[in-house]
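J.: Each residue of the sequence shown is one higher than the last, beginning at 1 in the UniProt record's numbering.
Input: one structure, supplied below.
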Amino acid sequence: MKYAIDKVAGKRYSIAEWKIHCENRTIGRCEVCGEDVYIRAKETTSTAAHFAHYQGTKCPTKAGNRTPFLNLRPSAIDEKNSLEIRQELERQLYKVYNKCSALTGGLRIATFRKLIQNCHQRNVWAYKGLTFKYVPYLLLASHEKFVKEDLTSTAQINFYFTLAPAIRYSDDLWNQQKNVAQSIWKVCPDGEIINYPIDADLDVEPEWFNSTRKQIKKMIF
1 MKYAIDKVAG
11 KRYSIAEWKI
21 HCENRTIGRC
31 EVCGEDVYIR
41 AKETTSTAAH
51 FAHYQGTKCP
61 TKAGNRTPFL
71 NLRPSAIDEK
81 NSLEIRQELE
91 RQLYKVYNKC
101 SALTGGLRIA
111 TFRKLIQNCH
121 QRNVWAYKGL
131 TFKYVPYLLL
141 ASHEKFVKED
151 LTSTAQINFY
161 FTLAPAIRYS
171 DDLWNQQKNV
181 AQSIWKVCPD
191 GEIINYPIDA
201 DLDVEPEWFN
211 STRKQIKKMI
221 F
């Protein structure tokens, strides 16, 4: 992991920032699961220093610990809600695609169709209490891993999305909001973990646009 939370200051730091702000502390907290993490590897070795979990961790940032969303059972089914969600999905389909594409860095239409098909086969739309703002995130969390063939850009591949580890039933995400983090995490093979807070906004700027925004801001101000 490239970042950890300092348990004293409550702030998120990279390894370099940690050395400046955290004095001699060597134990931090994982931003996803809340478990302790420590600094592994020294700069003198071939492996760059990074934050690591202790042996036996159940954190979903470890691929073997991750339970794909579609493997979780709902606590109850509501077919009336299913119709409303499907109707809204049909109305907002292009915007949902754009949001999924922005969070993945460029999603192929064929992959988007597959995400919807996977969720439809499990009747995710009928999960009790589901509201539409969660749909794009559930589509992304339903996929095992985003590989080169799934994406229009290969700047970042072989990543997956995971929900909070506290989830027991799939609908806990929206039915137990006080107890379950309202975020989805993008877990990349290089140790980068990106937190996306769950919101209803379908107009999302892709990560690759950040550099353009900075350049233009510098140009015009």
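Don't be surprised by glycine CBs; every beta carbon is placed ideally from N, CA and C.
Using the beta-carbon count (16 or more within 10 Å), is residue 224 buried or exposed?
T.: Residue 224 falls outside the range modelled here, since the chain spans only 1 to 221, and no answer is possible.
J.: Contact check, tyrosine 169 vs serine 75 under 8 Å by CB: the rounded distance?
T.: Residue mapping note: residue 169 aligns to position 169 of the sequence shown, counting from 1. Residue mapping note: residue 75 aligns to position 75 of the sequence shown, counting from 1. Yes, tyrosine 169 and serine 75 are in contact; Cβ-Cβ is about 4 Å, under 8 Å.
J.: Count the C-beta pairs between the segment 102-115 and the segment 170-177 that are closer than 8 Å, then say yes if the count reaches three, no if not.
T.: Segments in contact, no.
J.: Just to confirm the assignment: which complete beta strand (DSSP E) runs, minimum length 3, are found wholly within the segment 98-177?
T.: For the segment 98-177, whole beta strand (DSSP E) runs of length 3 or above, ordered along the chain, are 160-162.
J.: Taking just the CA atoms, how far does alanine 164 sit from valine 32?
T.: Reading the sequence shown from its first residue, position 32 is the one you call residue 32. Reading the sequence shown from its first residue, position 164 is the one you call residue 164. Roughly 7 Å separates the two Cα atoms.
J.: To the nearest angstrom, how far is it from the Cα of threonine 131 to the Cα of arginine 91?
T.: Locating residue 131 in the sequence shown gives position 131, counting from the first residue. Locating residue 91 in the sequence shown gives position 91, counting from the first residue. Cα to Cα, the separation comes out at about 15 Å.
J.: Helix, strand or coil: how does DSSP classify arginine 73 here?
T.: As a first step, residue 73 is located in the sequence shown; it is residue number 73 there, counting from the start. If DSSP states are grouped into helix, strand and coil, arginine 73 belongs with coil.
J.: Could you give the DSSP three-state label for phenylalanine 221: helix, strand or coil?
T.: Locating residue 221 in the sequence shown gives position 221, where the first residue counts as 1. Correct three-state label for phenylalanine 221: coil.
J.: Got a sec? Which residues, its chain only, sit under 7 Å from valine 124 by beta carbon, not counting five neighbours each side?
T.: In the sequence shown, counting from the first residue as 1, residue 124 sits at position 124. Only Leu138 meet the Cβ criterion.
J.: Per DSSP, tyrosine 196 is paired with what?
T.: Here residue 196 refers to the residue found at position 196 when the sequence shown is read from its first residue. In the DSSP output, where bridge partners are listed per residue, tyrosine 196 has Ile184.
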